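Participant:
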Amino acid sequence: MPSKLIALAPQKKRPVTDYLQGQGRFRHLFAPKNKSLLEEFQRVTDERWQRLLAKCGITAKT
11 MPSKLIALAP QKKRPVTDYL QGQGRFRHLF APKNKSLLEE FQRVTDERWQ RLLAKCGITA
71 KT
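For the numbering used here, add 10 to where a residue sits in the sequence shown, where the first one is 1.
1. For P42, which of helix, strand or coil comes out of DSSP?
2. In angstroms, rounded to a whole number, what distance separates the CA positions of C66 and Q60?
3. Here's the rule I'm using: 16 or more other beta-carbon atoms within 10 Å means buried, otherwise exposed. How should V54 be labelled?
Now the structure itself:
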């Protein structure tokens with residue numbers, strides 16, 4: 011089951027900002043006025059991750 015392999019692989023969840031900071035095209039998102047956008051991106055990513063884990067029958071590690 012490919013999804014299960016994806017869900018089991020990460021040892022520690024990394025913040026979305028780690029991915030975005032490495033790419034200059036997202037530089038504008040780190041302006042103080044866009045803090046809410048970054049928080050929203052993280053929230054949506056976390057929700058989608060939880061949905062993937064649920065589909066695989068895996069409970070999230072906290």
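Cβ atoms here follow ideal geometry from the backbone N, Cα and C, with glycine treated the same way.
A quick note: this is a predicted structure, and the numbers were derived from the prediction, not measured.
Facilitator: This is what the structure holds:
1. In this structure, DSSP gives P42 a helical state, which the three-state scheme calls helix.
2. Going from the Cα of C66 to the Cα of Q60 covers about 10 Å.
3. exposed
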